[in-house]
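Take a look at the structure set out below.
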Amino acid sequence: MIDRLKKRWDQWEQPLLLLSFMLHPKYRLEYFNSELNNLSYTSLGRYLTYYYKAWFKKRPKQLLLEFEDFCKKVEPFNDETFGTIWR
Numbered sequence: 032m033i034d035r036l037k038k039r040w041d042q043w044e045q046p047l048l049l050l051s052f053m054l055h056p057k058y059r060l061e062y063f064n065s066e067l068n069n070l071s072y073t074s075l076g077r078y079l080t081y082y083y084k085a086w087f088k089k090r091p092k093q094l095l096l097e098f099e100d101f102c103k104k105v106e107p108f109n110d111e112t113f114g115t116i117w118r
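Per this note's numbering, the sequence shown starts with residue 32, numbered consecutively.
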């Protein structure tokens, strides 16, 4: 996975690439250095908000609350629920 990320890094928007990896329920932030400030859930929440506004032309209402639930693995974002979807 790391080799694929390195290959695409310069071709893609880095925040979007990080979000796509981090929002995958199997990966989340497990493969990243947790001591990097710009890879915290707070900074990734800012990226989520930015892209939501850019794509939908409005402010998100529940996005950060749902993102927090995702980070905490609250149902329906827990491993058991994802296990029924992702194989």
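Ideal placement from N, C-alpha and C gives every residue a C-beta, glycine not left out.
Residue i in three-state terms, based on DSSP
i: Phe-113; result: helix
i: Phe-52; result: helix
i: Lys-89; result: coil
i: Asn-64; result: coil
i: Leu-58; result: The sequence given here has Tyr at residue 58, not Leu. In this structure, Tyr-58 counts as coil in the three-state DSSP scheme.
i: Pro-107; result: coil
Test item: CB-CB of residue i and residue j under 8 Å
i: Leu-50; j: Tyr-72; result: no
Residue i versus residue j: straight-line alpha-carbon distance, rounded
i: Asp-142; j: Phe-63; result: Here the chain has residues from 32 to 118 only, and residue 142 is not among them.
i: Leu-96; j: Gly-114; result: 22 Å
i: Ala-85; j: Phe-52; result: 20 Å
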